[in-house]
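Working notes for the structure below.
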Amino acid sequence: MPWNDERYPPSMRYLPPPVRRKAIEMANALLRQGRTEGSASRIAIARAKRWGDARADLRGRSRGLT
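Throughout the sequence shown, residue numbering follows this note's numbering, covering 50 to 115 in sequence.
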């Protein structure tokens, strides 16, 4: 069953909102590819965290902080 901003796995509860939205997007794509909910959730969380870290790095560099 696809997830959205109101309904998502408990494991995504404490992710920052932008990272959670990306994780939901990625998890839904993985579900469409045939992954199980557990697998899709775990993979999406890991990838979304990396996405968030990369995004933070880019923002820091663009402001001259790093």
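Built from N, CA and C at the ideal position, the CB exists for glycine as well. Small disclaimer: the values here were computed from a predicted structure and weren't measured.
Should residue i go down as buried or exposed, given a rule of 16 or more other Cβ atoms within 10 Å for buried?
i, result
"Ala76", "buried"
"Leu79", "buried"
"Tyr57", "buried"
Which of the three DSSP states is assigned to residue i in this structure?
i, result
"Pro58", "coil"
"Trp100", "helix"
"Met50", "coil"
"Gly109", "helix"
Looking at residue i: is its Cβ nearer than 7 Å to the Cβ of residue j?
i, j, result
"Ala72", "Ile92", "no"
Quick check on this structure: which residue in the options has the alpha carbon closest to the alpha carbon of residue i?
i, options, result
"Val68", "Ala89, Lys98 and Arg84", "Lys98"
"Ser60", "Met50, Ala89, Gly83 and Ala78", "Ala89"
"Ala105", "Pro65, Gln82 and Arg81", "Pro65"
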